[in-house]
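Participant:
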Amino acid sequence: VFTASTVAAAPEDPLFGLMKAYREDPSDKKVDLGIGAYRDNNAKPWVLPVVKKADDAIHNDPNLNHEYLSIGGLPDLTAAAQKLIVGADSPAIKEKRICTLQTISGTGAVHLGGLFLSKFHPQKPTIYLSNPTWANHNQIFSNVGLKIAQYPYFSAKTKGLDFDGMLSALRAAPNGSIILLHACAHNPTGVDPTEDQWRQIATLMRERAHFPFFDTAYQGFASDAWAIRYFIEQGFELCVAQSFAKNFGLYGERTGAFHFVSAGGADASAANANVASQLAILQRSEISNPPAYGARIAAKVLNDPQLFKEWEDDLRTMSGRILEMRSGLRERLEKRGTPGSWEHITSQIGMFSFTGLTETQVKALRDKWHVYMTKNGRISMAGLNTNNIDYFAEAVDSVVR
Ligand code: PMP
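Below, the structure written as structure tokens:
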């Protein structure tokens with residue numbers, strides 16, 4: 036029989052546990068470099084001005100109601116989300132071989148894609164994740180019954196991409212494996228393949244008939260959707276999980292999209308419509324229909340050329356401040372002569388830096404300096420600002436020596 040007393044306690048989520056410990060630390064020196072959410076120079080959450088503008092307009096619209104969206108979500112959002120990923124002139128749109136459902140942010144998109152592949156892929160292949168990857172990938176894919184394997188990604192020695200290791204693992208994976216790829220601004224490492232490396236990855240994946248599953252949670256922070264577009268041009272059938280949490284600052288509104296792109300060919304559009312119909316059934320049984328508010332905001336901004344421009348300005352504000360923190364941190368460590376090379380702080384991109392600090396050093400930073408980061412040494416660059424960067428550099432210097 037089932038009773039609550041047979042259920043063992045689950046471990047605390049490492050990231051949310053870290054946030055809790057930070058909140059409970061009474062020190063006024065404490066620094067939060069844990070969660071990947073943008074903070075302004077005063078360490079406060081930032082509502083993008085363009086989001087505030089769209090929000091006000093929607094809020095004041097006398098015709099606004101709170102009806103359900105359709106199963107696939109808000110059409111103005113899903114159409115704009117497609118264009119953002121594949122480009123407005125993409126043949127995939129013209130040939131009607133891309134279908135898109137609005138999801139519960141990026142997490143929901145990863146889940147819907149995993150569930151779909153688990154149910155409809157006749158071989159139910161193993162999914163290969165980069166080592167390391169966003170920790171939630173492991174839980175999401177195993178929860179839908181997919182087997183998980185890893186491919187090497189980060190070289191501890193160069194603090195860059197372990198490209199040879201990655202290619203060898205993809206070559207050794209059974210034909211037709213699913214390969215999860217971070218489209219840009221890899222979490223947690225901040226290390227992306229170059230365009231030339233993406234071409235080589237694509238060539239190898241075609242040889243091995245692997246299926247690409249792109250996860251894109253940081254579009255606009257680093258490069259754009261180049262890799263996804265390149266794979267589509269190369270004729271791959273693929274899927275994409277897209278989040279608007281970070282690039283719109285809509286974290287809690289849970290705004291995202293899942294796309295399935297079919298390869299070209301005479302019956303591509305019909306095949307894609309079948310995929311769409313099955314995705315709709317999965318969506319219906321899980322969430323019925325996605326949340327409306329964040330979708331309305333993102334759709335308004337994406338579909339209005341003037342607001343779109345303002346959005347790009349806001350993205351530049353965020354990525355610009357992060358870049359300043361990267362160069363500021365590197366400069367301070369180099370000036371102090373902190374042992375080791377710190378070049379990777381500025382060569383890594385996106386929201387995170389994989390510092391190379393060891394678990395012991397991370398622990399010392401927390402215990403002695405009230406600095407909070409994940410134990411793999413990842414820091415969220417947006418947690419640094421002109422008020423705490425000197426303190427952080429001093430803290431790193433002290434634990435590294
Ligand atoms: N994928 C990656 C790689 C991420 O880093 C994140 C956010 N941390 C997500 C997906 C999904 O985030 P959300 O559900 O908040 O959109």
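Last residue of the sequence shown: 436 (the UniProt record's numbering), numbering continuous.
Don't be surprised by glycine CBs; every beta carbon is placed ideally from N, CA and C.
For S312, which beta-bridge partners are listed by DSSP?
Facilitator: S312 pairs with nothing; no bridge assigned.
Participant: Less than 7 Å between C-beta atoms, sequence neighbours within five positions excluded: which residues of the same chain meet that for D90?
Facilitator: So the list reads I332, once near-sequence residues are dropped.
Participant: Might you give, ordered along the chain, the residues of its own chain that have their beta carbon closer than 8 Å to the beta carbon of L350, omitting 5 neighbours on each side?
Facilitator: Here the set comprises G255, F256, N282.
Participant: Identify whether G284 lies in helix, strand or coil by the three-state DSSP scheme.
Facilitator: Residue state, collapsed to three classes: coil.
Participant: Quick check on the burial criterion: 16 or more other C-beta atoms within 10 angstroms. Buried or exposed for T38?
Facilitator: T38 comes out exposed.
Participant: State whether the stretch 169 to 185 contacts the stretch 151 to 160, with contact taken as three or more CB pairs (one from each stretch) at a distance under 8 Å.
Facilitator: Segments in contact, yes.
Participant: Does the Cβ of T142 lie closer than 7 Å to at least one heavy atom of the ligand PMP?
Facilitator: Yes, the ligand PMP has a heavy atom inside 7 Å of this Cβ.
Participant: Per DSSP, what are the beta-bridge partners of P80 in this structure?
Facilitator: Paired residue(s): R74.
Participant: What's the call for V36, buried or exposed, on a 16-neighbour Cβ count within 10 Å?
Facilitator: The residue is exposed, with fewer than 16 neighbouring Cβ atoms inside 10 Å.
Participant: In three-state DSSP terms, what is R132?
Facilitator: It is coil, neither helix nor strand.
Participant: Could you give the DSSP three-state label for D354: helix, strand or coil?
Facilitator: The residue you asked about is not Asp; residue 354 is Ser in the sequence shown. Helix at S354.
Participant: Evaluate the contact criterion for the stretch 193 to 203 versus the stretch 141 to 153: three or more CB pairs, one atom per stretch, below 8 Å.
Facilitator: Touching, no, given that fewer than three Cβ pairs across the two stretches are closer than 8 Å.
Participant: Taking buried to mean at least 16 other C-beta atoms within 10 Å of its own C-beta, is R367 buried or exposed?
Facilitator: R367 is buried by the Cβ-count criterion.
Participant: Just list the residues that DSSP pairs H294 with in beta bridges.
Facilitator: Paired residues: T135, V275.
Participant: If you measure between the beta carbons of V85 and G418, is that distance less than 8 Å?
Facilitator: Not a contact, by the Cβ cut-off of 8 Å.
Participant: Would you say the beta carbon of V275 is closer than 7 Å to some non-hydrogen atom of the ligand PMP?
Facilitator: No; taking the cut-off as 7 Å, the Cβ of V275 has no heavy atom of the ligand PMP nearer than that.
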